[in-house]
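Visitor: The structure under discussion is supplied below as structure tokens; questions concerning it will follow.
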Amino acid sequence: MSPAPTGRALHDCRDAFAETLMELAETNPALIAVCNDSVGSSKLGAFQQRWPERLVNVGIAEQNLVGMAAGLANGGMLPFVCAAASFLTARALEQIKTDVAYANTNVKLCGISSGMAYGELGPTHHSVEDFAWTRVIANLRVVAPADPEETRQAVRAAAEHPGPVFLRLSRMGVPDVVPAGYAFAIGRALRLRDGHDLTLIANGTLVHRALDAAELLARDGIEARVVNMATVRPLDEAEILAATRETGAIVTAEEHQVHGGLGSAIAEVVVGHDPVPMKLLGVPGIFAPTGSASWLLDRFGMSAEGIAASARELLARKRPAATR
Amino acid sequence: MNSSRPSAQHLAGIARRIRRRDLDMIYEAGAGHLGSELSCTDLLVALYFGELQVDPDEPSAPTRDRFVLSKGHAAGVLYVTLAEAGFIDPAELATFMQPGSRLNGHPDRKLVPGVETNTGPLGHGLPVAVGMAKAAKLRGESWRTWVLTGDGELQEGSNWEAAMAAAHFGLDNLALVIDHNRFQQGAAVADTNDLAPLADKWRAFGWHLHELDGHDFDAIFAGFDVARSTRGRPTCLIAHTNKGEGISFTRDRVAWHHRVPTAEEYAQARAELTEVPS
Ligand SMILES: Cc1ncc(C[n+]2csc(CCOP(=O)(O)OP(=O)(O)O)c2C)c(N)n1
Ligand SMILES: [Mg+2]
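Residue numbers (my numbering), protein chains in the order written: chain A, 93 to 416; chain B, 167 to 444.
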């Protein structure tokens, strides 16, 4: 668990996820949970008790899990597939592509314990390729909420969106980060802190680390903007281009391989419209060694100090506004 | 091929030692899959100390027997067994799941001698094992391939694709041992997605089928002999086991799939596993 500054409670967003699913199920009899022996790890014990017949557990069989979900959607149900992100995306990728995204079935794919949340269980259980895999699939929304409130709203938004959504959830403790009165929308980023020296963009479990990094930078007189980019596809291009225009440099941080994820997606927009220096932080193209998620994130340069250090390095490469 | 196998009593002593070290290791690490590991301990002991032609001094010998632990979440007991068999230093077990340790929660063949393939996602071991057995056939070599799966794991379709291939290719140098402990992660297999009739399924897929008591060394070896003497098709050994076997309060209790004992539970378990004087 990430060391929280004193007084900041950490939350397991699976609780908000499961509670919201139950709230929605209360009023929508078509909503069902579809699992792969993952009732406990998705925190769906209460859901199963309340509606045993609306929790479809197919056992350890992810391809059938997603294929069946597509069929359930075709048959008029609203399936929320709840499975460890690694097995859901890696094992059933073709079902996700063809049966869900291409066929446009109304399936919600909920990847639980994504990123390196499984820590010491190792790279087989880490899901640090899933942004890359899912964001290149047409017609699939990809969302990684940052805290319990954003998780609640993202689950509701997924239920309301008439089509495929991949919700990338974690079990790693995170503090509350979104402000009171926040309204989440798929595809809209949230500026959590303003600044004009550079922009830190993160999502999911990295958002609070980026906020802490901005705090460290502020002590040195560096004003970093912090953007929570929960939706990886479709990207909030306007917010990215505001960052290039108004701050001239971008550091991205994600609990994902540095290749192909949030940072890469942002770089695709930046390079096409308004190139500025960028630094992409993530898992550096390796299978992680044994260790907890927070230990690994720190090791990969994504502690608050690590992010701040990358920001300082990047500032040295930033071009003066007049020459941009 | 093992003509003079150690006595069942001797092996029971090894198994008890391994269970104890495994319990200690999980307790120390605060993580692991205790129930899953106790369930297959006797099968691993029978394989490593009475069957497999493997050499800790030459763990990559080209003609070694291959053993694949498909239920990779039982990595802990594999490490303890590999330490007992001389593949790794027993002192290293203290690093299980610690930062930077090569003893990850799931086995990595690149790091740990004696590990043949990386497992963790269920349903990977059998296809890889089928490839190994096919390689031995293609090379005209006599080494054998053994693979151990869980029972819940058999819900993965990849197993059944591999089952067809193994029978199609006539891989009589391949044996599958199913750790049939009747439980998976969250519930009984029968209450999740039932496998029954399991034996009939393997027969229908063209395998020779033999059932045995997975906690009885004589029965296990009789099964291994059946596998080795079967010609023209692969053998499936359904090992009837108990999840959590060896500790009274973990036995047949699905909650112990990956629970870590409290201090009191640990003390009781340790007492139950204390060496019986021979
Ligand atoms: C593809 C995949 N899906 C889900 C899991 C999560 N998981 C780990 S162990 C387990 C249960 C395994 O049950 P079984 O095969 O009966 O093994 P046992 O522990 O009972 O020996 C599950 C679902 C996984 N490791 N891989
Ligand atoms: Mg089992």
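Glycine included, each C-beta is placed from N, C-alpha and C at the ideal position. Note that this is a predicted model, so its numbers are computed, not measured.
1. Tell me which residue opens and which closes the alpha helix (DSSP H) that Trp-225/A is part of.
2. Assuming Thr-434/A is part of the beta strand (DSSP E), what are its boundary residues?
3. Does the distance from the C-beta atom of Pro-273/B to that of Leu-340/B stay below 7 Å?
4. For chain B, check one thing: does any of its Cβ atoms lie closer than 7 Å to the Cβ of Trp-387/A?
5. Would you mind stating whether Val-220/A and His-348/A have Cβ atoms separated by less than 7 Å?
6. What's the call for Arg-170/B, buried or exposed, on a 16-neighbour Cβ count within 10 Å?
7. Return no unless some Cβ of chain A is closer than 7 Å to the Cβ of Ser-202/B.
8. Taking Cβ-Cβ distances shorter than 9 Å, what residues in chain B pair up with His-103/A?
9. Against chain A, with Cβ distances strictly below 7 Å, would Leu-248/B count as a contact?
10. Which residues in chain B have a C-beta closer than 7 Å to the C-beta of Asp-129/A? List them in chain order.
11. Would DSSP call His-272/B helix, strand or coil?
12. Under 9 Å between beta-carbons, which chain B residues line up against Ile-152/A? List them in chain order, please.
13. At a CB-CB cut-off below 8 Å, which residues of chain A make contact with Gly-266/B?
14. Run through chain A and tell me which residues come within less than 9 Å of His-272/B, C-beta to C-beta.
15. Would you verify that the beta carbon of Met-263/B is, or is not, closer than 7 Å to some beta carbon of chain A?
16. Within 10 angstroms of its Cβ, does Arg-311/A collect 16 or more other Cβ (buried), or is it exposed?
17. Do Thr-291/A and Arg-317/A have their CB atoms nearer than 7 Å?
18. Identify the contact partners of Asn-196/A in chain E, using a Cβ-Cβ distance below 7 Å as the criterion.
19. Report all residues from its chain with a CB closer than 6 Å to the CB of Glu-397/A; omit the five preceding and five following residues, and keep chain order.
20. Spatial neighbours of Ser-414/B within its chain, please: CB distance less than 7 Å, with the 5 preceding and 5 following residues excluded, ordered by chain position.
21. In angstroms, rounded to a whole number, what distance separates the CA positions of Ala-302/A and Pro-172/B?
22. Starting from the N-terminal side, write out each stretch of the alpha helix (DSSP H) that is 4 residues or longer and does not extend beyond the segment 319 to 390 of chain B.
23. Which class does Lys-303/B belong to by DSSP, given the choice of helix, strand or coil?
24. Can you list the residues of chain A that Asn-284/B reaches, using a CB-CB cut of under 7 Å?
25. Looking at C-alpha atoms only, which residue of Arg-183/B, Asn-347/B, Thr-229/B and Arg-230/B is the closest neighbour of Gly-201/B?
26. Check distances from the C-beta atoms of the segment 163 to 192 of chain A to those of chain B and list, in chain order, the residues that come in under 8 Å.
27. Grab me the residues of Leu-372/A's own chain with a C-beta within less than 6 Å of its C-beta, minus the 5 sequence neighbours each way, in chain order.
28. Just to check, is the beta-carbon of Asn-270/B closer than 6 Å to a non-hydrogen atom of ligand 2?
Guide: A quick look at the data gives this:
1. 222 to 227
2. Residue 434/A is absent from the structure shown; chain A starts at 93 and stops at 416.
3. With respect to the 7 Å criterion, Pro-273/B and Leu-340/B are not classified as neighbours on the basis of their beta carbons.
4. yes
5. yes
6. Residue identity check: residue 170/B is Ser in the sequence provided, not Arg. Burial call: exposed.
7. no
8. Near His-103/A there are no residues of chain B at all, since even the closest Cβ is about 21 Å away, more than 9 Å.
9. no
10. Gly-318, Gln-350, Gln-351, Gly-352 and Thr-358
11. coil
12. Leu-288, Gly-289, Gly-316, Gly-318, Glu-319, Leu-320, Gln-321, Glu-322, Gln-350, Gln-351, Thr-358 and Asn-359
13. Pro-381, Thr-382 and Gly-383
14. Leu-213, Gly-214, Pro-215, Thr-216 and His-217
15. Answer yes: the Cβ-Cβ gap between Met-263/B and chain A drops below 7 Å somewhere.
16. Arg-311/A comes out exposed.
17. Yes; because the gap between Cβ atoms is below 7 Å, this pair is in contact.
18. Absent from the structure: chain E. Protein chains present are A and B.
19. Taken in chain order, the list of residues that qualify is empty.
20. Glu-438
21. 60 Å
22. 323 to 334, 355 to 358 and 364 to 370
23. helix
24. Thr-216
25. Just measuring C-alpha positions, the residue of Arg-183/B, Asn-347/B, Thr-229/B and Arg-230/B sitting nearest Gly-201/B is Asn-347/B.
26. Contact annotation: in the segment 163 to 192 of chain A, residues whose CB is within less than 8 Å of a CB in chain B are Ser-178, Phe-179, Ala-182 and Arg-183.
27. Counting only Cβ-Cβ distances below 6 Å, and skipping sequence neighbours, we find Thr-344, Val-350 and Gly-355.
28. Set against 6 Å, the gap from the CB of Asn-270/B to the closest heavy atom of ligand 2 is not smaller.
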